[in-house]
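Peer 1:
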């Protein structure tokens, strides 16, 4: 999972490490220039002293005594001033050299140059631009114009990058705990998403999970639009041993959901799972139908099912559904075959909604509780 992005991030930090060596070499070259300047100043001072001695020999001792005394007095004063100045400069200079040897610093422009390596890796792997900008600002505030120990810049880049990515996720809630602590009887969950995202299969996985925790449930076949949708859901319900409430194709989906809720109340069933028609987020009529289901069923949770492999398309779909009925949580299907990982890194931050599960295969057991720290670890950070 996310292996392509993991390799891209690894390559990016390898490049940053190489850049760090060049930055430190530049700092060392600047230090050499300062040392050469100091040596040149010493040479000039010695030459001045030799010149003064020659002048003394050339002038007559008798005739120029007064002049010599005056010159020597001026020279002595000047030498004291020069010695003091050099001493102070030398002290400041060597403190600077000591700092230069042990630390390195990157300018804002150099930071932008280094970050562009990471930026390309993220954008190539479907990470949303808003997330990239968030990471940029986080790293810039920690790295630009800051001094670091030599050889530590690449590590700092990596540490702050990891910290920034960790902060983009909304903390997920525990579905089982939420159901058990709810006063709603039954607890109603409405599943939404476009066609082909694995919504019906994901509902079957949730049924399997609830049975594992001995939570009774019933399924509402409110997808009365797609051919064979009811038969598909019936197949899963039979395998899992749960009841399905269904009407004929073309029936009112909200009416099916209502009947399922009434049946659950009469039989003291804890949870109702509503399977809605997979719909393109641009289909106004089906979106209106979804709004009606929400009004009638009054779900405790609206869960968006999206394909992890579709990148920014998945995010745009979720935005429309969230605007229409307000999404409460996200399940990403097909995460096991997602080599890029951009959707998982972006959707929670963009929508400010938690990812609660990842679909990791076709079997009922292949539903993994979302853990942001594991995602970061899978990226090699």
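Numbering (our numbering), first residue to last: 36 to 416.
C-beta: ideal position from N, C-alpha, C; glycine also.
Quick caveat: nothing in here was measured; it's all calculated off a predicted structure.
Pull up the distance between the alpha-carbon of residue 311 and that of residue 40, whole angstroms please.
Peer 2: Cα to Cα, residue 311 sits roughly 33 Å from residue 40.
Peer 1: I need the DSSP call for residue 248, collapsed to helix, strand or coil.
Peer 2: Coil at residue 248, not helix or strand.
Peer 1: Could you pull out every unbroken alpha helix (DSSP H) segment of at least 4 residues lying fully inside the stretch 328-394, listed in chain order?
Peer 2: Listed in chain order, the complete alpha helix (DSSP H) runs (minimum 4 residues) inside the stretch 328-394 are 347-360 and 377-386.
Peer 1: List, from N- to C-terminal side, the beta strand (DSSP E) runs of 3 residues or more that fit wholly inside the stretch 268-296.
Peer 2: Taking only runs of at least 3 residues, the beta strand (DSSP E) segments lying wholly in the stretch 268-296 are 278-280.
Peer 1: What do you get for residue 273, buried or exposed, if any count of 16 or more other CB atoms within 10 angstroms of its CB means buried?
Peer 2: Counting Cβ neighbours within 10 Å, residue 273 comes out exposed, since fewer than 16 surround it.
Peer 1: To the nearest angstrom, how far is the alpha carbon of residue 180 from that of residue 50?
Peer 2: Roughly 20 Å between the two C-alpha positions.
Peer 1: Between which two residues does the beta strand (DSSP E) carrying residue 146 extend?
Peer 2: Counting along the chain, residue 146 falls outside any beta strand (DSSP E), though it belongs to the alpha helix (DSSP H) covering 143-159.
Peer 1: Given a cut-off of 9 Å on the beta-carbon distance, is the pair residue 308 and residue 255 in contact?
Peer 2: Yes.
Peer 1: Going by beta carbon distance, what residues of the same chain come within less than 6 Å of residue 126, once the five residues before and after it are set aside?
Peer 2: Low per-residue confidence applies at residue 126: pLDDT is 49, beneath 50, and the placement is therefore not dependable, though the value from the model is reported in the following sentence. Taken in chain order, the list of residues that qualify is empty.
Peer 1: Ignore the nearest five residues each way along the sequence and tell me which others in residue 296's own chain have a CB closer than 7 Å to its CB.
Peer 2: Excluding sequence neighbours, residue 296 sits near 221, 223, 307 and 332.
Peer 1: Just the C-alpha distance for residue 350 and residue 339, rounded to the nearest angstrom, thanks.
Peer 2: Looking at the two C-alpha atoms, the distance is approximately 11 Å.
Peer 1: Are residue 391 and residue 366 close, meaning C-beta to C-beta below 9 Å?
Peer 2: For residue 391 and residue 366, yes; Cβs fall inside 9 Å.
Peer 1: What number of angstroms, rounded off, separates the C-alpha of residue 382 from the C-alpha of residue 166?
Peer 2: Residue 382 and residue 166: Cα-Cα distance of roughly 9 Å.
Peer 1: Using CA coordinates, which residue listed in 369, 156, 225 and 212 is at the minimum distance from residue 362?
Peer 2: Here the closest residue by C-alpha is 225.
Peer 1: Residue 48 to residue 193, Cα distance in whole Å?
Peer 2: One C-alpha to the other measures close to 7 Å.
Peer 1: For residue 149 and residue 199, what's the separation of their Cα atoms in angstroms?
Peer 2: So the two alpha carbons sit approximately 16 Å from each other.
Peer 1: Under 6 Å Cβ to Cβ from residue 284, same chain only, skipping five residues before and after it: list those, please.
Peer 2: Cβ within range, chain order: 259.
Peer 1: Are residue 232 and residue 402 touching if we call contact CB-CB under 9 Å?
Peer 2: Their beta carbons are not under 9 Å apart, which means residue 232 does not touch residue 402 by this criterion.
Peer 1: Distance check for residue 278 and residue 201, CA to CA, integer angstroms please.
Peer 2: Going from the Cα of residue 201 to the Cα of residue 278 covers about 41 Å.
Peer 1: What is the C-beta distance between residue 384 and residue 45, in whole angstroms, given that I count them as a contact (C-beta under 8 Å)?
Peer 2: About 23 Å; that fails the 8 Å criterion.
Peer 1: Expressed to the nearest angstrom, what Euclidean distance is found between the alpha-carbon atoms of residue 337 and residue 270?
Peer 2: Approximately 24 Å between the Cα atoms of the pair.
Peer 1: Determine the direct distance from the alpha carbon of residue 266 to that of residue 234, and round the result to whole angstroms.
Peer 2: When rounded, the distance between both Cα atoms is 14 Å.
Peer 1: Mind reading off the beta-carbon distance from residue 322 to residue 257? Whole number of angstroms is fine, and I expect it under 8 Å.
Peer 2: Incorrect: roughly 14 Å between the Cβ atoms, too far for contact.
Peer 1: Note the first and the last residue of the continuous beta strand (DSSP E) segment covering residue 223.
Peer 2: Residue 223 -> beta strand (DSSP E) spans 222-227.
Peer 1: Would you tell me roughly how many angstroms separate the C-alpha atoms of residue 164 and residue 326, rounded to the nearest one?
Peer 2: Distance between the alpha carbons of residue 164 and residue 326: 30 Å.
Peer 1: Whole angstroms are fine: how far does the CA of residue 407 sit from the CA of residue 146?
Peer 2: For residue 146 and residue 407, the distance between alpha carbons rounds to 27 Å.
Peer 1: Taking the C-alpha atoms as reference points, what is the distance between residue 380 and residue 245?
Peer 2: Their backbone Cα atoms lie some 27 Å apart in a straight line.
Peer 1: Considering just the uninterrupted stretch of the beta strand (DSSP E) at residue 183, what are its terminal residues?
Peer 2: Start and end: 182-184.
Peer 1: Assuming residue 275 contacts residue 242 under a Cβ cut-off of 8 Å, what Cβ separation, rounded to an integer in Å, is found between them?
Peer 2: Indeed, because the Cβ distance is near 5 Å, the residues count as touching under 8 Å.
Peer 1: Taking 9 Å as the threshold (C-beta atoms), are residue 357 and residue 386 in contact?
Peer 2: Closer than 9 Å, so yes.
Peer 1: DSSP state of residue 171, grouped into three classes?
Peer 2: Helix.
Peer 1: With burial defined as no fewer than 16 other Cβ atoms inside 10 Å of the residue's Cβ, what is the status of residue 343: buried or exposed?
Peer 2: Under this definition residue 343 is a buried residue.
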